[in-house]
Amino acid sequence: MTSIRRWLLGWLIAGLAVSALTAGYGIFHTAREEASELFDFELRTVAESLPANISTTTDTVLQSKPDFEGLSEDRLFIEVWDQAGGSVYRSLGGIDLARFPAGLRTIEHDEYHWRVYGVQQGSRFVQIAQPISVRENLALRLALRTLAPLALFFPVIIAIVLIVVGRGLAPLAEISRALTTRSFDSLEPLHLDAATPLEIRPLVNALNDLLHRLDVASQTQRTFVADAAHELRSPLAALKLQLQSAERDGSLIGNKTTFERIEGRLNRLIHLVHQLLTLAREEAQIGAHFQSVSLRRLCERVVADFSLLAEEKQIDLGLVCVSAAQADDTYKASVEPAGIEVLLSNLIDNAIRYTPRGGKVDVILTREAGTISVCVSDSGPGIPDGERERVFDRFYRSAGTKEQGSGLGLAIALKIAQRHHASLQMQNNLEQPGLRVTLAGLRVEKLPLP
Numbered sequence: 182m183t184s185i186r187r188w189l190l191g192w193l194i195a196g197l198a199v200s201a202l203t204a205g206y207g208i209f210h211t212a213r214e215e216a217s218e219l220f221d222f223e224l225r226t227v228a229e230s231l232p233a234n235i236s237t238t239t240d241t242v243l244q245s246k247p248d249f250e251g252l253s254e255d256r257l258f259i260e261v262w263d264q265a266g267g268s269v270y271r272s273l274g275g276i277d278l279a280r281f282p283a284g285l286r287t288i289e290h291d292e293y294h295w296r297v298y299g300v301q302q303g304s305r306f307v308q309i310a311q312p313i314s315v316r317e318n319l320a321l322r323l324a325l326r327t328l329a330p331l332a333l334f335f336p337v338i339i340a341i342v343l344i345v346v347g348r349g350l351a352p353l354a355e356i357s358r359a360l361t362t363r364s365f366d367s368l369e370p371l372h373l374d375a376a377t378p379l380e381i382r383p384l385v386n387a388l389n390d391l392l393h394r395l396d397v398a399s400q401t402q403r404t405f406v407a408d409a410a411h412e413l414r415s416p417l418a419a420l421k422l423q424l425q426s427a428e429r430d431g432s433l434i435g436n437k438t439t440f441e442r443i444e445g446r447l448n449r450l451i452h453l454v455h456q457l458l459t460l461a462r463e464e465a466q467i468g469a470h471f472q473s474v475s476l477r478r479l480c481e482r483v484v485a486d487f488s489l490l491a492e493e494k495q496i497d498l499g500l501v502c503v504s505a506a507q508a509d510d511t512y513k514a515s516v517e518p519a520g521i522e523v524l525l526s527n528l529i530d531n532a533i534r535y536t537p538r539g540g541k542v543d544v545i546l547t548r549e550a551g552t553i554s555v556c557v558s559d560s561g562p563g564i565p566d567g568e569r570e571r572v573f574d575r576f577y578r579s580a581g582t583k584e585q586g587s588g589l590g591l592a593i594a595l596k597i598a599q600r601h602h603a604s605l606q607m608q609n610n611l612e613q614p615g616l617r618v619t620l621a622g623l624r625v626e627k628l629p630l631p
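Okay, structure coming up:
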């Protein structure tokens with residue numbers, strides 16, 4: 182995967198490295214050449230500064246061959262000849278260099294390369310010699326010292342490049358962060374400010390145009406589903422009333438089983454239309470309006486609404502409060518009342534549908550460290566592990582299910598849970614048959630101090 186940041190940093194640092202190496206190479210060789218010229222000038226200076234009365238009686242003459250490998254000092258070999266050609270002075274012993282014509286030259290003697298300068302001064306001839314190895318080592322030291330500022334300059338330039346590239350790509354990171362932190366159903370346009378670079382504005386405008394088109398398409402789809410579901414409710418209700426009326430007055434000839442099948446299909450269709458309308462309404466909501474609500478009172482109301490359906494199947498339906506802060510704890514939380522009521526209604530309706538006659542369904546309220554969870558537990562057959570994730574898909578129904586349903590109840594419940602930034606967890610009971618569906622993560626409304 183190509184990264185603009187890595188691409189920019191790679192090429193910029195590589196270009197700077199090549200430039201620095203090229204500049205360093207040029208500076209190094211220039212410094213060495215200038216150092217060599219400086220040493221040649223030194224040879225001339227030493228030759229011209231020798232006293233006129235210098236002779237072999239000077240006490241500084243060394244009797245042993247010197248070591249020219251060290252870098253402790255600039256070693257020179259000085260020899261002076263008189264007018265008759267006899268050597269009158271040698272600065273170092275153990276060295277026998279021939280006399281060369283006046284001028285500068287490089288010679289090889291006794292496995293050493295020498296830089297030799299000779300000059301005729303009146304009746305004497307002065308010759309100054311210096312080992313090339315000493316000159317090269319000293320020139321190398323001087324050249325490396327000239328590269329020291331460049332060596333310090335290169336890391337500073339790399340740091341500047343890192344900062345500049347990071348600051349230059351910061352608007353892209355801000356756009357990515359703004360899109361990442363959005364909710365999945367938020368299609369509002371991105372806002373441009375004065376700090377947004379000109380190069381980023383076309384990208385932001387294109388994203389805003391895409392978000393607008395997606396919003397229009399999504400709104401059109403939701404409106405169509407809501408309108409279709411709303412338009413179907415009235416004729417379906419009228420059809421059911423006509424069917425019941427025809428059954429009572431005997432205007433339609435048929436056996437009882439046929440009427441029961443027709444009525445069952447009609448009830449299923451009415452339930453499907455109601456769920457479609459609820460789903461469209463939930464998806465059409467841009468933002469939720471939270472308020473402080475007593476979850477205990479809300480659960481009691483929903484349980485009461487389903488009590489007749491539970492009695493018809495002889496199911497024990499009840500409300501259990503766990504970890505109450507006090508005896509009359511109302512379990513207040515910041516929620517959207519209508520949404521939570523729809524969620525609980527779907528969970529309890531599913532639990533009653535799939536719990537066999539004589540079973541049990543419990544709605545359990547639990548308080549945990551700043552949050553409240555609502556669990557609907559039943560004694561039904563449960564859900565196989567392989568299908569537990571898919572049951573939240575729209576219109577999905579487990580194979581072999583005999584109970585009537587639309588396959589939208591859990592999808593609607595998940596949509597409401599996501600809007601509350603809560604989780605909807607599903608697991609089979611461990612010690613007994615049945616299923617537990619838990620809405621966890623509802624924020625607790627702090628109780629006033631007594």
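Position one of the sequence shown corresponds to residue 182 (our numbering), numbered consecutively onward.
Using N, Cα and C, we set each Cβ at its ideal position, and we do this for glycine too.
This one's a predicted model, so the numbers in the text were calculated from it and none came from an experiment.
Asked	Found
The beta strand (DSSP E) that contains ARG271, what's its start and end?	268-271
Buried or exposed for GLN311, going by 16 or more other Cβ atoms inside 10 Å?	buried
So, at 8 Å on beta carbons, what are the nonlocal neighbours of SER268 in its own chain, with the 5 sequence-adjacent residues on each side left out?	THR237, GLU260, VAL261, TRP262
Among the residues of its own chain, which have a CB less than 8 Å from the CB of VAL572, if the five just before and after it don't count?	ILE564, SER579, LEU591, MET607
Closest to PRO282 by CA distance: which of ILE313, GLY299, HIS290, ASP530 is it?	GLY299
Thinking just about the alpha-carbon of each residue, which of ALA550, SER560, SER526 is nearest to the one in VAL542?	SER560
Alpha carbon to alpha carbon, how far is LEU524 from GLY347?	46 Å
In whole angstroms, what separates the C-alpha of VAL227 from that of LEU193?	50 Å
Would ILE533 and LYS494 qualify as a contact pair, given that the criterion is a beta-carbon distance under 8 Å?	yes
Tell me the rounded alpha-carbon separation between SER475 and PHE487.	19 Å
For PRO632, which residues of its own chain have a beta-carbon under 8 Å away from its beta-carbon, when the five flanking residues on both sides are left out?	This structure does not reach residue 632, given that the chain is present from 182 up to 631, and the question cannot be answered.
When you compare only the Cα positions, how much space is there between ASP539 and ALA419?	Reading off the sequence shown, one finds Gly at residue 539, where the question assumed Asp. Cα-Cα distance, rounded: 34 Å.
Counting only the same chain and skipping the five closest in sequence on each side, list residues whose C-beta sits under 7 Å from that of THR239.	The pLDDT assigned to THR239 is 45, lower than 50, so where the model puts this residue is not dependable; a value taken from the coordinates is nonetheless given after this. Same-chain partners within the cutoff: TYR270.
One question on the structure: do SER604 and GLY615 come within less than 8 Å of each other, judged by their Cβ atoms?	no
Determine the DSSP secondary structure at LYS494, reduced to helix, strand or coil.	coil
According to DSSP, is THR536 helix, strand or coil?	coil
Locate the alpha helix (DSSP H) running through SER357, then write down its first and last residues.	313-361
Which residues mark the beginning and the end of the beta strand (DSSP E) in which TYR298 is found?	293-302
Flag this pair as yes or no: are the beta carbons of LEU331 and ALA201 separated by less than 8 Å?	yes
Looking at VAL556: is its Cβ nearer than 8 Å to the Cβ of THR619?	In the sequence under discussion, the amino acid at residue 556 is Cys, which differs from the Val named in the question. Cβ distance < 8 Å, so CYS556 and THR619 count as in contact.
Give the straight-line distance between the Cα atoms of ALA279 and ILE288, rounded to the nearest whole angstrom.	10 Å
Three-state secondary structure (DSSP) at ALA195?	helix
With DSSP run on the structure shown, which of helix, strand or coil describes GLN613?	coil
Spatial neighbours of THR327 within its chain, please: C-beta separation below 8 Å, excluding the five flanking residues on both sides.	ILE208, PHE209, ALA212
What do you reckon, are the CB atoms on ALA324 and ALA195 nearer than 8 Å?	no
CB TYR368 to CB LEU395, shorter than 8 Å?	The amino acid occupying residue 368 in the given sequence is Leu; Tyr does not appear at that position. The answer is yes: Cβ separation under 8 Å.
For LEU628, count neighbouring Cβ atoms within 10 angstroms of its own Cβ and tell me buried if that reaches 16, exposed if not.	For LEU628, the predicted structure reports a pLDDT of 48, less than 50, and the residue's modelled location is therefore unreliable. A value from the coordinates is still provided. Answer is exposed; the Cβ neighbour count stays below 16.
Within the same chain, show all residues whose beta-carbon is closer than 7 Å to that of ARG186, passing over the 5 residues directly before and after it, in chain order.	VAL346, LEU350
Using the Cβ count rule (16 or more neighbours within 10 Å means buried), how would you classify TYR206?	exposed
State the Cα-Cα distance for the pair ALA567 and ASN610, rounded to the nearest angstrom.	According to the sequence provided, residue 567 is Gly. The question's Ala does not apply to it. Each residue's alpha carbon lies about 16 Å from the other.
May I have the straight-line CA-CA distance separating GLY284 from VAL337, to the nearest angstrom?	47 Å
Alpha carbon to alpha carbon, how far is ALA550 from ALA485? Give it in angstroms, no decimals.	29 Å
Pull up the DSSP beta-bridge partners for PHE209, would you.	According to DSSP, which records beta bridges pairwise, PHE209 is partnered with nothing at all.
Which residues bound the alpha helix (DSSP H) around ARG477?	476-486
Let's see if you can read the secondary structure: which residues bound the beta strand (DSSP E) around GLY284?	284-290
Less than 8 Å between the C-beta atoms of GLY520 and ARG600, yes or no?	yes
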